[in-house]
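Undergrad: Numbering (this note's numbering), first residue to last: 275 to 603.
Backbone N, C-alpha and C fix where the C-beta goes; we use that ideal spot for every residue, glycine too.
Note that this is a predicted model, so its numbers are computed, not measured.
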């Protein structure tokens, strides 16, 4: 048995680190020692607050989650580590896994995806978010030369903006209430507009602010007969949208995208693993480093999560460093 430590939400508003005894890995399993894990600010804040609606308990279940919402529950899905035991072709490889925050874990070998050479562990924690952005753009792909606006310069919105910026001829603008995100937008190859600025109408507007006001703004910024793609998840909050005004006369399309299923346009030709592997390849792009805005030791995770949920620790991707638990990246 191998001793490990894991982060649990014990009840709404409270998290703690608990011990975990790991089994011996079987012939088709791997023992992974964590290097880094990323915090999904929006989703994990809702989990900490106990605001996952009962109707979504099954849908929001993470692949290696233990416990049930609202708690105690072990939750998370952005882990990067090194395979210490397992099949020879994976031994010693840095891998990504949709696993909660934990110092070490045993999972099926098929559940880990090798991180490409040249992608540091700190950047690789973005794989799950880039995968979300990739799936979104499979749902509503921008065309060459399109004008695209992304409302909400959080982690998901920024990943969408970077992928769109790489489409030949496309222009992308990030819209956010935080003026400091202008520098991030520039690093991603995107324009920026504050709440009082007019970025103009766009062929495609992606909404990722997780606010009602942001969704309303997205509907204002789309061209007639254009599409608003909503990536936000609101938990148990009701959201009102103006489906009067110009919604019908403009023949607008409002659709959702969610990473739990591969987008229909690629579902017949791509698996979840294929999509995640592509996201990791896309992370060869060093521009994504602009999204890495902080790191803390694993032992501080309960306090870090509480500060993120309360808004006292702003930023984009805050990662957890496991170097005090046997590995360095």
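My understanding is that residue 450 touches residue 427, with C-beta atoms under 8 Å, so please give their C-beta distance in whole angstroms.
TA: 4 Å
Undergrad: Can you name the start and end residues of the beta strand (DSSP E) that residue 292 belongs to?
TA: 288-296
Undergrad: Would you mind sorting residue 375 into buried or exposed? The rule is 16 or more other CB atoms within 10 Å of its CB.
TA: buried
Undergrad: Using C-beta distances below 6 Å, list every residue in its chain close to residue 346, excluding the 5 sequence neighbours before and after it, in chain order.
TA: 282 and 284
Undergrad: Residues in its own chain within less than 8 Å of residue 578 by CB, not counting five upstream and five downstream?
TA: Annotation for residue 578: 313, 570, 587, 592 and 594 place their beta carbon closer than 8 Å to its own, counting only its chain and skipping 5 residues before and after.
Undergrad: Within this structure, are the beta carbons of residue 576 and residue 290 separated by less than 8 Å?
TA: Contact flag set, yes.
Undergrad: Report the residue ranges of all beta strand (DSSP E) runs contained in full by the segment 411-445; include only those spanning at least 3 residues, in chain order.
TA: 421-425
Undergrad: What is the DSSP secondary structure of residue 406, counted as helix, strand or coil?
TA: helix
Undergrad: Quick one: Cα of residue 306 to Cα of residue 417, how far?
TA: 40 Å
Undergrad: With distances taken Cα to Cα, identify the nearest neighbour of residue 568 among 310, 301, 297 and 545.
TA: 310
Undergrad: Could you compute how far the alpha carbon of residue 453 sits from the alpha carbon of residue 585?
TA: 17 Å
Undergrad: Return the CA-CA distance between residue 447 and residue 459, expressed in angstroms with no decimal places.
TA: 8 Å
Undergrad: Tell me whether the beta-carbon of residue 436 lies closer than 8 Å to the beta-carbon of residue 408.
TA: no
Undergrad: What runs of the beta strand (DSSP E), each 3 residues or longer, lie entirely inside the segment 440-509?
TA: 445-449, 465-467, 476-481 and 496-504
Undergrad: Thinking residue 389 and residue 370 are a contact (beta carbons under 8 Å), I'd like their distance in whole angstroms, please.
TA: 6 Å
Undergrad: Using the Cβ count rule (16 or more neighbours within 10 Å means buried), how would you classify residue 549?
TA: By the 10 Å Cβ count, residue 549 comes out buried.
Undergrad: DSSP on residue 317, reduced to helix/strand/coil?
TA: Residue 317: helix per DSSP, three-state reduction.
Undergrad: Does the separation of the CB atoms of residue 422 and residue 502 fall below 8 Å?
TA: no
Undergrad: Keeping to the same chain, check which residues put their C-beta closer than 7 Å to that of residue 278; ignore five residues upstream and five downstream.
TA: 294, 296, 376, 377, 378 and 379
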